[in-house]
Amino acid sequence: MLCVFATYYLMKHTIGTITIGQAPRTDVMPEIQPLLGSDIEVVEMGALDGLTRAEIETFAPQGDDYILHTRMCDGTSVTIAERHILPRMQSCIDALTQQGVELVMLLCTGKFPTFRSTTLLIEPQKITDSIIGALAGKQHKIGIMTPLAGQIEQVTANLQDLKNNVVAVSASPYSAVDEITPAAQRLGTEGVDVSVLHCIGYTMEMKGIVKETTGKPVILARALTARVVCELLS
-17 MLCVFATYYL MKHTIGTITI GQAPRTDVMP EIQPLLGSDI EVVEMGALDG LTRAEIETFA
43 PQGDDYILHT RMCDGTSVTI AERHILPRMQ SCIDALTQQG VELVMLLCTG KFPTFRSTTL
103 LIEPQKITDS IIGALAGKQH KIGIMTPLAG QIEQVTANLQ DLKNNVVAVS ASPYSAVDEI
163 TPAAQRLGTE GVDVSVLHCI GYTMEMKGIV KETTGKPVIL ARALTARVVC ELLS
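Numbering (our numbering), first residue to last: -17 to 216.
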């Protein structure tokens, strides 16, 4: 009898990530990479790469601008208007596509207009809000944490059908970790059934604080998005 043995090789995947701040995101990738697995390589790009602080400060929100809060490569945070970085995000998508990545993952839960992309584009806002919609109901109250108070209306605007079942609070993931506790305490007081940390900047440590404070399950946007990517490539 002729026996045929097949050898299976672990296929390497390459994906791209785009932060609305500056790459590399040393505060994000060390937690995301283990969830993705060792067979997934990541090429990082940032919408604010190559810009000075003075240049970025001209991107500050005005009037009714859609507000975004992000991290610089030096570890500081910055608040910008979405409209200023959309062309730069598109350039990042184009560059990663030219490099042949299998998909592009945005490192932001903000809501963006449709980008031009022939590569699969993973948008954390759509994933996260879909989960909120799936969990919320007449008998379930969802807590949402977002970085800035000025972003609460932006986040809840995407969830109008659920507004009576959503409690939103703010606490920046780029400040001291203990600043998360007061916001988590409010969610606990409001009696939420599940909390959603609605920013890629929130860490697993912060998730632990919210879970311990509220005594309820917590969804971390960065982990949720990474697991979706892992499922797509598995």
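Yeah, the Cβ is synthetic: ideal placement off N, Cα and C, and Gly gets one too. Quick caveat: nothing in here was measured; it's all calculated off a predicted structure.
Between I49 and the set E37, I2, V83, the nearest pair of CA atoms involves I2. In the three-state reduction of the DSSP assignment, M188 falls in the helix class. For the pair V60 and C74, the Cα-to-Cα distance works out to about 20 Å. Contact annotation, A205 with T110: C-beta distance approximately 11 Å; criterion of less than 8 Å not satisfied. Closest in alpha carbon position to L169, among I201, L141, V151, A5, is V151. Within the DSSP secondary-structure output, T(-4) pairs in a beta bridge with E23. A Cβ-Cβ distance of about 6 Å is found for the pair G183 and Y156, placing them in contact under the 8 Å criterion.
When the Cα atoms are used, I201 and K189 turn out to be separated by approximately 8 Å. Under DSSP, I126 forms a beta bridge with A150, V178. The beta carbon of A63 sits closer than 8 Å to the beta carbons of F41, A42, P43, Q44, D47, Y48, I49, L50 from its chain, once the five residues preceding and following it are set aside; these are given in chain order. According to DSSP, residue pairing for L103 in a beta bridge involves V86.
S59 sits in a strand when the DSSP states are folded into three classes. Linking K193 to I113 through their CA atoms gives a straight-line distance of about 18 Å.
Here G115 is not near V176, since their CB atoms are 9 Å or more apart. Taking D31 as the centre and dropping the five residues before and after it, the same chain places the C-beta of Q4, A5 closer than 7 Å to its C-beta, in chain order. Taking C-alpha positions only, M54 is separated from K120 by approximately 40 Å.
The secondary-structure analysis by DSSP pairs T52 across a beta bridge with V60.
Residue environment: G(-2) is assigned as buried (16 or more neighbouring CB atoms within 10 Å of its CB, all protein chains considered). The C-alpha of P12 lies about 16 Å from the C-alpha of T(-4). By the Cβ-count criterion, Q80 is exposed, with fewer than 16 other Cβ atoms from all chains shown falling within 10 Å of its own Cβ.
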